[in-house]
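Protein chains in written order, with our numbering: chain A, 548 to 704; chain B, 548 to 704.
Reading through the structure tokens given below for one structure.
Number of protein chains: 2
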Amino acid sequence: MPAKFDSDTISFLISDVARLLRSEFDRRTSNVGIGLTPGEARILVGAARAGPVRQTVLAERVGLEAMTLSTYLDRLEERGLLSRMADPADRRAKLVQVTDAAEAVLDDIARIGTELRTDMSATIDPAQLEEIRQGLHQMRVCLIAMRPDCSKGSSKA
Amino acid sequence: MPAKFDSDTISFLISDVARLLRSEFDRRTSNVGIGLTPGEARILVGAARAGPVRQTVLAERVGLEAMTLSTYLDRLEERGLLSRMADPADRRAKLVQVTDAAEAVLDDIARIGTELRTDMSATIDPAQLEEIRQGLHQMRVCLIAMRPDCSKGSSKA
DNA sequence: GCGAAATAATAAGCAACCCTTATTATAAGG
DNA sequence: CCTTATAATAAGGGTTGCTTATTATTTCGC
Numbered sequence: 548m549p550a551k552f553d554s555d556t557i558s559f560l561i562s563d564v565a566r567l568l569r570s571e572f573d574r575r576t577s578n579v580g581i582g583l584t585p586g587e588a589r590i591l592v593g594a595a596r597a598g599p600v601r602q603t604v605l606a607e608r609v610g611l612e613a614m615t616l617s618t619y620l621d622r623l624e625e626r627g628l629l630s631r632m633a634d635p636a637d638r639r640a641k642l643v644q645v646t647d648a649a650e651a652v653l654d655d656i657a658r659i660g661t662e663l664r665t666d667m668s669a670t671i672d673p674a675q676l677e678e679i680r681q682g683l684h685q686m687r688v689c690l691i692a693m694r695p696d697c698s699k700g701s702s703k704a
Numbered sequence: 548m549p550a551k552f553d554s555d556t557i558s559f560l561i562s563d564v565a566r567l568l569r570s571e572f573d574r575r576t577s578n579v580g581i582g583l584t585p586g587e588a589r590i591l592v593g594a595a596r597a598g599p600v601r602q603t604v605l606a607e608r609v610g611l612e613a614m615t616l617s618t619y620l621d622r623l624e625e626r627g628l629l630s631r632m633a634d635p636a637d638r639r640a641k642l643v644q645v646t647d648a649a650e651a652v653l654d655d656i657a658r659i660g661t662e663l664r665t666d667m668s669a670t671i672d673p674a675q676l677e678e679i680r681q682g683l684h685q686m687r688v689c690l691i692a693m694r695p696d697c698s699k700g701s702s703k704a
């Protein structure tokens with residue numbers, strides 16, 4: 548079984564880096580006392596960016612199923628970081644919006660995210676970093692196109 | 548809350564791509580009838596690469612805690628894909644080794660992994676791809692160095 | 001109008017992945 | 001020999017994400 552496998556392929560590296568990134572983000576937010584998991588932070592940021600937005604739209608925007616998102620929103624709402632109001636235009640729907648109380652947390656998240664990105668790419672040339680970013684973006688497009696439900700035009704592309 | 552957050556940062560992209568990659572790998576291995584999760588495949592490949600190896604060493608090499616690895620090995624052993632033998636040099640330790648039956652599965656994994664890498668980077672220039680690979684490698688090194696237990700000299704670097 | 005089909009959110013439950021803590025068996029050092 | 005360290009694991013938990021089914025509402029065809 549000689550060099551049939553290479554553990555430094557792009558795919559292995561991506562999953563390694565993703566795992567390490569998540570745990571490092573977790574560690575840093577814990578230290579600051581935010582107490583949000585990376586996933587929760589992600590949703591909160593997505594909600595902040597999207598403004599008052601329906602859950603289905605937000606789910607599609609952050610790349611999750613509606614049900615998965617709903618559970619996250621439950622937790623964030625419990626912590627008072629966002630609110631769900633009835634959509635006046637459709638009584639089935641709810642509009643999600645971050646609360647004022649979320650501002651400080653969002654600032655912390657933005658700061659920690661920036662620091663983490665800086666720290667983990669300290670040894671990498673900015674131009675190369677931009678190439679990496681664009682390459683990853685293209686990979687995301689490719690992978691989204693492979694999914695069985697390729698019909699929905701995901702905004703992630 | 549204008550452009551305080553960018554969902555196309557390296558960090559978001561990495562976690563997105565990792566998630567999509569995992570589910571696509573899962574889909575492809577299911578289609579072939581392997582029935583291994585990406586995580587299991589990863590461990591199997593790691594074991595194949597490392598040869599007869601102690602669990603602690605393998606755990607460190609694949610970047611998991613010993614206990615996490617042990618559970619994976621249980622499943623792989625149940626399927627007859629690897630075996631644990633007593634280490635003659637230390638009766639506490641066990642040596643992990645893939646079985647002959649694993650060969651076909653390993654071949655499938657290698658093929659699918661290669662195909663997947665090719666497909667997801669079809670639109671990317673090979674030279675740029677290599678830069679991305681190296682950049683991710685450096686990120687992994689950085690992130691490993693950040694971990695609290697930075698004492699253990701991880702071989703992942 | 002009005003009944004059928006689509007849609008928004010959610011209840012319920014499961015799978016994958018990874019961790020920590022405590023325990024057992026064995027080894028190694030003073 | 002006895003304390004300490006190490007290899008594996010038992011036990012249990014947490015995060016992330018999914019699918020399926022249900023309820024409330026809207027919309028569309030007739």
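C-beta atoms are modelled at their ideal positions from N, C-alpha and C, and glycine is treated no differently.
Fair warning: this is a prediction, and the values are worked out from it, not measured in the lab.
Judged by DSSP in its simplified three-state form, residue 630 (chain B) adopts strand. The beta-bridge partner set that DSSP reports for residue 642 (chain A) consists of A:601, A:632. For the 7 Å CB-CB criterion, residue 604 (chain A) and residue 629 (chain A) do not form a contact. For the segment 550–578 of chain A, the residues whose beta carbon sits under 8 Å from a beta carbon of chain B are, in order, 551, 552, 554, 555, 556, 557, 558, 559, 560, 561, 562, 563, 564, 565, 566, 567, 568, 569, 570, 571, 572, 574. When only Cα atoms are considered, residue 651 (chain A) and residue 658 (chain A) end up about 11 Å apart. For residue 674 (chain A), the closest C-alpha among the options B:692, B:595, B:667, B:678 is that of B:678. Scanning chain A for C-beta atoms nearer than 7 Å to the C-beta of residue 592 (chain B) yields 552, reported in chain order. In this structure, residue 625 (chain B) keeps its C-beta atom at 7 Å or more from the C-beta atom of residue 690 (chain A). Chain-order list of chain B residues neighbouring residue 690 (chain A): 564, 567, 568, 571, 667, by C-beta distance under 8 Å.
Between the segment 614–624 of chain B and the segment 582–593 of chain B, the count of Cβ pairs shorter than 8 Å is three or higher; the stretches touch. Residue 614 (chain A) is classed as exposed because its beta carbon has fewer than 16 other beta carbons within 10 Å across all chains shown. Residue pairing by DSSP places residue 654 (chain B) opposite no residue, since no beta bridge is assigned to it. Each of B:687, B:582, B:594 was checked against the Cα of residue 563 (chain A), and the nearest Cα belongs to B:687.
Within chain B, the residues whose beta carbon sits less than 9 Å from that of residue 678 (chain A) are 675, 678, 679, 682, listed in sequence order. Residue 616 (chain A): member of the alpha helix (DSSP H) spanning 613–625, first to last residue.
Distance from the Cα of residue 606 (chain A) is smallest, within the candidate group A:583, A:640, A:574, A:577, for A:640. Among the residues facing chain A, residue 671 (chain B) is included, as its CB has a counterpart in that chain under 7 Å away.
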